[in-house]
């Protein structure tokens with residue numbers, strides 16, 4: 001697999017500076033729960049067709065218990081500083097002033113995300129390069145995949161942040177029409193109560209949507225098709241694949257249960273690049289006389 005990661009390295013650690021705020025109670029109210037296949041080996045032509053129709057694919061037992069535990073241990077070791085070369089930690093903004101006072105045991109539960117972790121722990125690399133995942137991606141894309149970006153998205157107990165509705169392509173300097181596929185791998189049980197992913201089937205076929213800087217870089221709440229939301233609960237080792245234009249997001253959570261997940265973004269190995277200005281000309285709302 002080619003690796004063409006293009007996320008800038010983080011200087012030691014950073015803080016997620018978006019300020020949480022309230023949103024409408026129905027913004028993540030699901031009308032259905034996603035169904036899918038059990039393992040990557042079960043992907044057939046009907047599954048490929050459904051992915052392109054619905055914009056997502058659930059693989060309930062994508063990775064073994066041992067692979068999932070190993071990846072989680074690798075993630076914890078990076079948070080714990082066991083690889084001094086890794087400098088991609090991002091903490092919740094709410095603990096900016098408290099961080100120096102927190103113990104080693106407390107710090108993992110205030111981490112918002114890890115950015116660009118592939119290449120810093122062999123156990124995490126093994127999931128990103130898993131042959132069965134790459135084979136499924138190749139079938140969905142029609143050509144070999146290349147890893148473009150990667151993050152670990154964490155919702156700590158009781159302070160898990162919302163990730164508002166968005167399209168992944170809005171974040172990436174890739175030509176319109178590129179088949180971006182994101183793989184979201186659950187390391188803990190992900191439920192509606194602790195902030196599992198939510199998707200709106202078929203929205204990838206509607207094309208790019210203008211994004212605004214509100215609670216995050218996001219689709220305007222008024223443009224979210226709230227009557228069509230599907231929740232995607234997963235057990236550890238489960239995987240959700242989705243198209244780069246699919247509308248997706250996850251709610252804030254006050255659950256005492258952690259929700260940790262890996263997020264891996266792949267593109268066809270032949271994919272080109274565009275400038276940030278070209279991307280924002282499509283996805284950016286500022287300067288277009290549009291409001292949210």
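Residue numbers (the numbering used here): 1 to 292. Ideal placement from N, C-alpha and C gives every residue a C-beta, glycine not left out. All values derive from a computational prediction rather than experimental measurement.
- Taking all protein chains shown into account, do 16 or more other C-beta atoms lie within 10 angstroms of the C-beta of residue 277, making it buried, or fewer, making it exposed? Residue 277 sits at position 277 when you count from the first residue of the chain shown. With fewer than 16 other Cβ atoms within 10 Å, it is exposed.
- Query: Do you know how far the Cα of residue 213 is from the Cα of residue 280?
  - Reply: On the chain shown, residue 280 is found 280 positions in, with the first residue counted as 1. On the chain shown, residue 213 is found 213 positions in, with the first residue counted as 1. C-alpha separation (whole angstroms): 12 angstroms.
- Query: residue 162: buried (16+ other C-beta within 10 angstroms of its C-beta) or exposed?
  - Reply: Working through the chain shown from its first residue, we reach residue 162 at position 162. Label assigned to residue 162: buried.
- Item | Through-space distance from residue 96 to residue 47, alpha-carbon basis | The residue you call residue 47 lines up with position 47 of the chain shown. The residue you call residue 96 lines up with position 96 of the chain shown. Taking the straight line from one Cα to the other gives about 45 angstroms.
- Task: Report the three-state DSSP secondary structure of residue 63 (helix, strand or coil).
- Result: Looking up residue 63 in the chain shown gives position 63. It is coil, neither helix nor strand.
- Message: Spatial neighbours of residue 99 within its chain, please: C-beta separation below 8 angstroms, excluding the five flanking residues on both sides.
- Response: By one-based count along the chain shown, residue 99 stands at place 99. Hits under 8 angstroms: 91, 107, 110.
- Item | Exposure of residue 256, with buried meaning 16 or more beta-carbon neighbours within 10 Å | Mapped onto the chain shown, residue 256 falls at position 256. So residue 256 ends up on the exposed side.
- Message: Checking the sheet assignment: what are the DSSP bridge partners for residue 267?
- Response: Here the question's residue 267 lines up with position 267 in the chain shown. Its beta-bridge partners are 146.
- Message: Please list the terminal residues of the continuous beta strand (DSSP E) segment that includes residue 113.
- Response: Position 113 of the chain shown, counted from the first residue, corresponds to residue 113. Unbroken beta strand (DSSP E) run through residue 113: 111-115.
- Task: Just confirm the distance between the C-beta atoms of residue 181 and residue 102, as a whole number of angstroms; I'd bet it's less than 8 angstroms.
- Result: Sequence index remark: in the chain shown, residue 181 carries index 181 (1-based). Sequence index remark: in the chain shown, residue 102 carries index 102 (1-based). That pair is no contact at about 36 angstroms.
- Query: Can the beta-carbon of residue 174 be found less than 8 angstroms from the beta-carbon of residue 274?
  - Reply: Residue mapping note: residue 174 aligns to position 174 of the chain shown, counting from 1. Residue mapping note: residue 274 aligns to position 274 of the chain shown, counting from 1. In contact: residue 174 and residue 274 (Cβ atoms closer than 8 angstroms).
- Task: Output the distance between the C-alpha atoms of residue 193 and residue 54, rounded to the nearest integer angstrom.
- Result: Working through the chain shown from its first residue, we reach residue 193 at position 193. Working through the chain shown from its first residue, we reach residue 54 at position 54. Their Cα atoms are separated by approximately 24 angstroms.
- Task: Could you work out which residue in 284, 235, 283, 267 is closest to residue 69 when comparing CA atoms only?
- Result: Position 69 of the chain shown, counted from the first residue, corresponds to residue 69. With distances taken between Cα atoms, residue 69 lies closest to 235.
- Query: Curious, which full-length beta strand (DSSP E) runs of at least 3 residues does the region 87-142 contain?
  - Reply: 89-92, 111-115
- Message: So, at 8 angstroms on beta carbons, what are the nonlocal neighbours of residue 222 in its own chain, with the 5 sequence-adjacent residues on each side left out?
- Response: The residue labelled residue 222 in the question sits at position 222 within the chain shown. Answer for residue 222: 292, listed in chain order.
- From the DSSP output, in three-state form, read off residue 204 for me. As a first step, residue 204 must be located in the chain shown, where it is residue number 204. Of the three classes helix, strand and coil, the one that applies to residue 204 here is helix, per DSSP.
- Query: Helix, strand or coil: which one does DSSP assign to residue 284?
  - Reply: As a first step, residue 284 must be located in the chain shown, where it is residue number 284. Residue 284 falls in the strand class under three-state DSSP.
- Message: For a test of the three-state rule: what should DSSP assign to residue 255, helix, strand or coil?
- Response: Residue numbering aside, residue 255 sits at position 255 when the chain shown is read from its first letter. Residue state, collapsed to three classes: coil.
- With 16 other CB atoms within 10 Å as the buried threshold, where does residue 112 fall? For the purposes of this step, residue 112 is taken as the residue at position 112 of the chain shown. Taking all protein chains in view, the Cβ of residue 112 is crowded by 16 or more other Cβ atoms within 10 Å, so the residue is classified as buried.
- Close Cβ partners of residue 41 (< 8 angstroms) along its chain, the five nearest in sequence each way excluded: As a working note, residue 41 is residue 41 in the chain shown. Scanning its chain for C-beta atoms nearer than 8 angstroms, with the 5 sequence neighbours on each side dropped, one finds around residue 41 the residues 132, in chain order.
- Proximity below 8 angstroms, CB of residue 21 to CB of residue 215: Here residue 21 refers to the residue found at position 21 when the chain shown is read from its first residue. Here residue 215 refers to the residue found at position 215 when the chain shown is read from its first residue. Yes; because the gap between Cβ atoms is below 8 angstroms, this pair is in contact.
- Query: What are the residues that DSSP puts in a beta bridge with residue 212?
  - Reply: Here residue 212 refers to the residue found at position 212 of the chain shown. Partner(s): 218.
- Item | For residue 56, the residue or residues it bridges with in DSSP | For the purposes of this step, residue 56 is taken as the residue at position 56 of the chain shown. BP columns for residue 56 point to 242.
- Query: What residues in its chain sit with their C-beta under 7 angstroms from that of residue 226, if we drop five residues either side in the sequence?
  - Reply: As a working mapping, residue 226 is identified with position 226 in the chain shown. Cβ neighbours of residue 226 beyond the five flanking positions: 26, 27, 29.
- Message: For residue 151 and residue 114, which I take to be in contact (beta-carbon distance under 8 angstroms), what is that distance rounded to the nearest angstrom?
- Response: As a position in the chain shown, residue 151 is number 151, starting the count at 1. As a position in the chain shown, residue 114 is number 114, starting the count at 1. Taking a contact as a CB-CB distance under 8 angstroms, the pair residue 151 and residue 114 counts as one, their CB atoms being some 6 angstroms apart.
- Query: First and last residue of the beta strand (DSSP E) that includes residue 199?
  - Reply: For the purposes of this step, residue 199 is identified with residue 199 of the chain shown, where counting begins at 1. Counting along the chain, the beta strand (DSSP E) containing residue 199 begins and ends at 197-199.
- For the region 138-158 against the region 259-274, are there 3 or more C-beta pairs whose distance is under 8 angstroms? yes
- Task: Report the rounded CA-to-CA distance for residue 238 versus residue 62, giving the unit in angstroms.
- Result: Residue 238 sits at position 238 when you count from the first residue of the chain shown. Residue 62 sits at position 62 when you count from the first residue of the chain shown. Approximately 5 angstroms between the Cα atoms of the pair.
- Find out if the Cβ-Cβ distance for the pair residue 196, residue 250 is shorter than 8 angstroms. Start at 1 with the first residue of the chain shown, and residue 196 comes out as number 196. Start at 1 with the first residue of the chain shown, and residue 250 comes out as number 250. Yes, the Cβ-Cβ distance between residue 196 and residue 250 is below 8 angstroms.
- Message: Since residue 200 and residue 243 should fall inside the 8 angstroms C-beta cutoff, what is the C-beta to C-beta distance between them, to a whole number of angstroms?
- Response: Here residue 200 corresponds to residue number 200 of the chain shown, with the count starting at 1. Here residue 243 corresponds to residue number 243 of the chain shown, with the count starting at 1. Not a contact, Cβ separation roughly 12 angstroms.
- Query: If you count every other CB in all the chains shown that lies within 10 Å of the CB of residue 33, and 16 or more means buried, which is it?
  - Reply: On the chain shown, position 33 is the one that residue 33 refers to. With fewer than 16 Cβ atoms within 10 Å of its Cβ, residue 33 is classed as exposed.
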